[in-house]
Amino acid sequence: MLPSDLVLDGIQLRPVAEKVMAGERLGFEDAVTLFRSNDLLAIGYLANSVRQKLYGKLTYFNVNRHINPTNVCVASCRLCAFGRKPDAPGAYTMALEEAFRIAGENWTEAVTEFHIVGGLHPDLPFQYYVDLIRGLRERFPTVHLKAFTAVEIAYYSHISKLSIREILGNLKEAGLGSLPGGGAEIFAPAVRRVICDHKIGAYTWLKVHRTAHELGLHSNATMLYGHIESAEDRVDHMLQLRNLQDKTHGFQTFIPLAFHPANTELGKLVPHPETTGFTDLKNVAISRLVLDNFPHIKAYWIMMTPRVAQVALRFGADDIDGTVVEEKIYHDAGATTPQAMTRQQLIRLIRETGLEPFERDTLYRPVTRSETSVTVRV
Ligand code: V47
Numbered sequence: 520m521l522p523s524d525l526v527l528d529g530i531q532l533r534p535v536a537e538k539v540m541a542g543e544r545l546g547f548e549d550a551v552t553l554f555r556s557n558d559l560l561a562i563g564y565l566a567n568s569v570r571q572k573l574y575g576k577l578t579y580f581n582v583n584r585h586i587n588p589t590n591v592c593v594a595s596c597r598l599c600a601f602g603r604k605p606d607a608p609g610a611y612t613m614a615l616e617e618a619f620r621i622a623g624e625n626w627t628e629a630v631t632e633f634h635i636v637g638g639l640h641p642d643l644p645f646q647y648y649v650d651l652i653r654g655l656r657e658r659f660p661t662v663h664l665k666a667f668t669a670v671e672i673a674y675y676s677h678i679s680k681l682s683i684r685e686i687l688g689n690l691k692e693a694g695l696g697s698l699p700g701g702g703a704e705i706f707a708p709a710v711r712r713v714i715c716d717h718k719i720g721a722y723t724w725l726k727v728h729r730t731a732h733e734l735g736l737h738s739n740a741t742m743l744y745g746h747i748e749s750a751e752d753r754v755d756h757m758l759q760l761r762n763l764q765d766k767t768h769g770f771q772t773f774i775p776l777a778f779h780p781a782n783t784e785l786g787k788l789v790p791h792p793e794t795t796g797f798t799d800l801k802n803v804a805i806s807r808l809v810l811d812n813f814p815h816i817k818a819y820w821i822m823m824t825p826r827v828a829q830v831a832l833r834f835g836a837d838d839i840d841g842t843v844v845e846e847k848i849y850h851d852a853g854a855t856t857p858q859a860m861t862r863q864q865l866i867r868l869i870r871e872t873g874l875e876p877f878e879r880d881t882l883y884r885p886v887t888r889s890e891t892s893v894t895v896r897v
């Protein structure tokens, strides 16, 4: 039960809390009120009650590996520390055989997902990406290929002169399983102009995901917070996602991502410290409350540290992502978290909260393991 007095620092949460408890959808002003409130425990309690109604104690994780085929990127997004110009120090592009070899390296256990994203390369043809997906599918037929952000898909459409639908159709035919949620950042144009003015806007990002859903591909969505955005921008972002989800039901998971300023132009332009645990937990909890039609909320441990991600599992998140194996985007931006965790470490984080670890594949189907095999129950 919530305490009867839901006022903290002059902000009254009771009307919002009553809506949540009655299962009513929150509106724009409700969500802004949640962001203005500092009553983290009340917000977390509400988010946890929603999460518990959906999943009880079940808490999802997966065994995955990230692959970033290239960091060469024609965009120069101020938020990013990963992209490089072609001749810049540290720029790399994997030959296909190299990508196939790396895909099979450093697993502690059989992975069920490759998470593949990279830069917008000026010279690689679209065929490179088709061959990458087809080659991985042939070599690792049991591994789900979650690949290419909406930004990459739109870029392939631009360089190949094929439509977004054709790009997604070709990749699906080659073995693409779903789309990750990156590149969404914050949809508000005024914010995008500062943090990622070379990227597609909200309209195209949403169009790529809508088209993917129409083709039967599931996808995820992200939101980058903790830079120059306002509470209203965050709420607007979530509501645009919620509107599309009402139409397609193709999104699986929402992942709030905290901005890491180190080595980024944005960090120099608008100096500000990294987000705190308080802000990270608040974003997770409010996501759970606002995105009532998203099945899952992910606490991405790479971004929020294993310690905060663990607590987030009691603040509305039901998924902690995976083993990851080799993370580059956040580590180039100063992340001090490990680059990988073992399956056992993830299980321990979940168990210590009193929740039950549930190994999933990318489509949230149960995975069972024995000494010699991995099975996905369809
Ligand atoms: O789109 C880039 C973000 C995203 C920085 O779908 C930064 O399961 C903070 O989308 N500080 C890529 N964030 C990561 C991503 C993701 C991660 C985990 C799981 C899934 C999924 C998707 O990383 C980018 C951008 O929003 N990013 N640079 C930075 N300096």
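The sequence shown lines up with residues 520 to 897 when you count with my numbering. In this text, a Cβ means the ideal position worked out from N, Cα and C, and glycines have one as well.
### Query
Between the segment 861 to 868 and the segment 792 to 806, do three or more beta carbon pairs fall short of 8 Å?
no
### Query
Between the beta-carbon of VAL844 and the beta-carbon of ASN625, is there less than 8 Å?
By 1-based counting over the sequence shown, the position of residue 844 is 325. By 1-based counting over the sequence shown, the position of residue 625 is 106. Contact: yes.
### Query
Is ILE530 helix, strand or coil by DSSP?
Taking the first residue of the sequence shown as position 1, residue 530 is located at position 11. ILE530 falls in the strand class under three-state DSSP.
### Query
Would you call LEU788 buried or exposed, if buried means 16 or more other Cβ atoms sit within 10 Å of its Cβ?
Taking the first residue of the sequence shown as position 1, residue 788 is located at position 269. Label assigned to LEU788: exposed.
### Message
For LEU808 and ALA566, which I take to be in contact (beta-carbon distance under 8 Å), what is that distance rounded to the nearest angstrom?
### Response
Here residue 808 refers to the residue found at position 289 when the sequence shown is read from its first residue. Here residue 566 refers to the residue found at position 47 when the sequence shown is read from its first residue. Confirmed, Cβ separation roughly 5 Å.
### Task
With a floor of 3 residues, list each beta strand (DSSP E) that falls wholly inside the segment 760 to 843, ordered by position along the chain.
770 to 777 and 838 to 841
### Query
Among VAL551, GLY638, GLU871 and THR894, which residue has its Cα nearest to the Cα of GLU878?
Within the sequence shown, residue 878 is the residue found at index 359, counting from 1. Ranking VAL551, GLY638, GLU871 and THR894 by Cα distance to GLU878 puts THR894 first.
### Query
Can you tell which of VAL591, GLY841 and ALA709 has the C-alpha that lies nearest to the C-alpha of ALA605?
For the purposes of this step, residue 605 is taken as the residue at position 86 of the sequence shown. Note that residue 605 is Pro in the sequence shown, not Ala. Out of VAL591, GLY841 and ALA709, VAL591 has the C-alpha closest to the C-alpha of PRO605.
### Query
So what does DSSP say about PRO708, is it helix, strand or coil?
The residue you call residue 708 lines up with position 189 of the sequence shown. Helix.
### Task
Can you tell me which of the three DSSP states ALA740 falls into?
Residue 740 sits at position 221 when you count from the first residue of the sequence shown. If DSSP states are grouped into helix, strand and coil, ALA740 belongs with the strands.
### Residue from VAL803, ILE839, GLY694 and ALA731 with nearest C-alpha to GLY745
Position 226 of the sequence shown holds residue 745. Answer by Cα proximity: VAL803.
### Message
As a quick exercise: from MET742, GLU875 and ARG888, pick the residue whose alpha carbon is nearest that of TYR574.
### Response
Position 55 of the sequence shown holds residue 574. Checking every option, the nearest Cα to that of TYR574 belongs to GLU875.
### Query
Would you say GLU704 touches the ligand V47, meaning its beta carbon is less than 7 Å from a heavy atom?
Taking the first residue of the sequence shown as position 1, residue 704 is located at position 185. GLU704: yes, Cβ under 7 Å from the ligand V47.
### Query
Closest by CA to ALA831, which one among TYR579, LEU525, ARG544 and ARG555?
Here the question's residue 831 lines up with position 312 in the sequence shown. The shortest Cα separation from ALA831 among TYR579, LEU525, ARG544 and ARG555 belongs to TYR579.
### Message
According to DSSP, simplified to helix, strand and coil, what is SER676?
### Response
For the purposes of this step, residue 676 is identified with residue 157 of the sequence shown, where counting begins at 1. In the structure shown, SER676 sits in a helix (DSSP, three-state: H, G or I).
### Task
With a threshold of 16 other CB atoms inside 10 Å of the CB of PRO660, please say whether the residue is buried or exposed.
Position 141 of the sequence shown, counted from the start, is the residue given in the question as residue 660. So PRO660 counts as exposed.
### Query
According to DSSP, is GLU751 helix, strand or coil?
The count along the sequence shown starts at 1 and reaches residue 751 at position 232. In this structure, GLU751 counts as helix in the three-state DSSP scheme.
#### Entry: Meets three-Cβ-pair contact criterion under 8 Å: the segment 535 to 550 and the segment 591 to 601
no
### Query
Taking C-beta to C-beta, are TRP820 and ASP799 nearer than 8 Å?
On the sequence shown, position 301 is the one that residue 820 refers to. On the sequence shown, position 280 is the one that residue 799 refers to. No, the pair does not count as a contact, with Cβ atoms beyond the cut-off.
### Task
For ASP851, count neighbouring Cβ atoms within 10 angstroms of its own Cβ and tell me buried if that reaches 16, exposed if not.
By 1-based counting over the sequence shown, the position of residue 851 is 332. It counts as buried.
### Task
Quick one: using the 10 Å Cβ neighbour count with 16 as the cut-off for buried, is VAL526 buried or exposed?
If you number the sequence shown from 1, residue 526 lands on position 7. VAL526 comes out exposed.
### Query
Hey, is the segment 747 to 758 in contact with the segment 689 to 705, meaning 3+ C-beta pairs nearer than 8 Å?
yes
### Message
Here's the rule: buried if 16 or more other CB atoms are within 10 angstroms of the residue's CB, otherwise exposed. What is TYR722?
### Response
For the purposes of this step, residue 722 is taken as residue 203 along the sequence shown, with counting starting at 1. By the neighbour-count rule (16 or more Cβ atoms within 10 Å), TYR722 is not buried but exposed.
### Start-to-end residues for the alpha helix (DSSP H) that takes in ARG684
Here residue 684 corresponds to residue number 165 of the sequence shown, with the count starting at 1. Here the alpha helix (DSSP H) through ARG684 covers 683 to 693.
### Buried or exposed (CB count within 10 angstroms, at least 16 for buried), MET742
Taking the first residue of the sequence shown as position 1, residue 742 is located at position 223. Result: buried.
### Query
Quick one: what's got a C-beta closer than 7 Å to LYS726's C-beta in the same chain, skipping five residues either side?
The count along the sequence shown starts at 1 and reaches residue 726 at position 207. Taken in chain order, the residues that qualify are ILE683.
### Query
Given that a residue counts as buried once 16 or more other Cβ atoms are within 10 Å of its Cβ, and exposed if not, what is GLN764?
Along the sequence shown, one-based indexing puts residue 764 at 245. Burial call: buried.
### Query
Does DSSP put ALA600 in a helix, a strand or coil?
Taking the first residue of the sequence shown as 1, we reach residue 600 at position 81. Note: ALA600 maps to coil in three-state DSSP.
#### Entry: Coil, strand or helix - GLU733 by DSSP
For the purposes of this step, residue 733 is identified with residue 214 of the sequence shown, where counting begins at 1. Residue state, collapsed to three classes: helix.
### Message
Going by DSSP, what residue range makes up the beta strand (DSSP E) through LEU577?
### Response
By one-based count along the sequence shown, residue 577 stands at place 58. Unbroken beta strand (DSSP E) run through LEU577: 577 to 581.
### Query
When the Cα atoms are used, what is the spatial distance from ASN587 to LEU577?
Counting from one through the sequence shown, the residue named residue 587 turns up at place 68. Counting from one through the sequence shown, the residue named residue 577 turns up at place 58. Going from the Cα of ASN587 to the Cα of LEU577 covers about 30 Å.
### Message
One question on the structure: do ALA740 and PHE778 come within less than 8 Å of each other, judged by their Cβ atoms?
### Response
Position 221 of the sequence shown, counted from the first residue, corresponds to residue 740. Position 259 of the sequence shown, counted from the first residue, corresponds to residue 778. No, the pair does not count as a contact, with Cβ atoms beyond the cut-off.
#### Entry: Closest residue to PHE797 among ARG533, GLU543, PHE554 and HIS640 (Cα-Cα distance)
As a position in the sequence shown, residue 797 is number 278, starting the count at 1. For PHE797, the nearest C-alpha among the options comes from PHE554.
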